[in-house]
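What follows is a single structure, written as C-alpha cells, with notes after it.
Residue numbers (mature numbering (1 follows the signal peptide of the UniProt record, and there is no 0)): -19 to -1, 1 to 298.
Structure representation (C-alpha cells):
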C-alpha cells in the first residue's frame, strides 16, 4: 500500500499525542511560609554552575575553588541541553524563601593558616581565579542571575549573566576599580567578592487566575539581579555587611598567622510589573542563550530531529 501525503496527514491527526515538559517554559508559583500547597512552594532553590573566564579556555566546577558548599547531596535534574553543553549545575548553600528578606546572613567561614601547606594552595587557587577574572554563573527559577554595572565613567549601565569571583588590580587590565572604586596605586592587590546582594522582582498572583489559591501571598519570579561586594568582616561571629572595608587577599601568610574569609549575603524581593525585563547583556551570550534557554533549544532540536527523519522516510516509502 502506498501512503500518499494526504493519507499521512489524516493518520497523523488521528494518532494519539503525548505531551512532554520542556524545561524553561513551565512557570513556578512561590508563596510565603504558611501558604504552601501543591500549587506553590516557599523555598527558592539557588543553583551554581561551573565558572569560566574570557582569558582562559578551561572552565572549573564550583567546588574547585574553596567556596562554601551545600550539604544537599541531591543534584538537580539536568535536561539534554545541560548535558550537551557540559553544564555542571549543583545545589548551593544559599537558602532563600519567598517573601522572607535576609540581611547579612553568614554562609560559612573559611580559615587559612600560614603553617598549613594545603591552606596556601587553596589561597593560591583563589588568587589565580581572580587574576584570570573567573566568573560565577548562578541559576534561580531556571533563569540566570543578572549582574548590572556602570561603564564609561558611569554614563551607561550594562548587564551580564555572570559575575566575577573577585579581581586583581593590574596596570594593563584593571578589573577592580570600576567595581570596588579602589585606588589604581594598589597594583597587584587581590579583592575577593565574598558578599552578594540577591534581589528578586516578582509578579504577584493577587489579581491573576493562577494565583487564586494564595493571592498576594505568592507570585512568579520575573528577574533576579545580583551585586557582588568585597567586605572585610572583622568579627566572623558577628559579620557587619554595612562596613565597606574591602577584603584583601594577602600575598603572604606568616607561620603563626590565620586569615579568615566570611561569606555573607543579603536577599530581598520586590513586586514588579509583569512586563518587566532586565537590560540586555553587552556580551555575545545574551539572556535568551543562557543555560536554561540553550538547554531548551537543544531539547527541542533533539526531539524534533528523529520526528523529521521518520516523516521523511515514511513519505519516501
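Positions of the beta carbon are idealized from the N, C-alpha and C atoms, including for glycine. Note that the structure is a prediction, hence the values are computed from the model and not measured.
Check	Outcome
Coil, strand or helix - residue 44 by DSSP	helix
Integer Cβ distance of residue 235 from residue 95, believed to fall under 8 Å	5 Å
Per DSSP, cross-strand counterpart(s) of residue 177	209, 246
Buried or exposed (CB count within 10 angstroms, at least 16 for buried), residue 124	buried
Segments assigned alpha helix (DSSP H), at least 4 residues, entirely inside the segment 77 to 156	98 to 112
Cβ neighbours of residue 132 in the same chain (closer than 6 Å, five flanking residues each side left out)	139
Residues near residue 51 by beta carbon distance below 8 Å, same chain, minus five either side	71, 72, 73, 74
Member of 130, 181, 102 whose CA lies at the smallest distance from the CA of residue 250	181
Bridge-paired residues (DSSP) for residue 184	201
Residue span of the beta strand (DSSP E) that contains residue 34, given as start and end	32 to 34
Contact under 8 Å by Cβ, residue 177 with residue 206	no
Segment contact, 8 Å Cβ cut-off, at least three pairs: the segment 240 to 248 with the segment 184 to 199	no
Nearest-angstrom Cα separation, counted from residue 25 out to residue 83	13 Å
Closest by C-alpha distance to residue 212, when choosing among 245, 18, 99, 43	245
Cβ neighbours of residue 112 in the same chain (closer than 6 Å, five flanking residues each side left out)	149
Reduced DSSP category for residue 158 - H, G, I as helix; E, B as strand; rest coil	helix
C-beta contact flag for residue 127 and residue 151 at 8 Å	no
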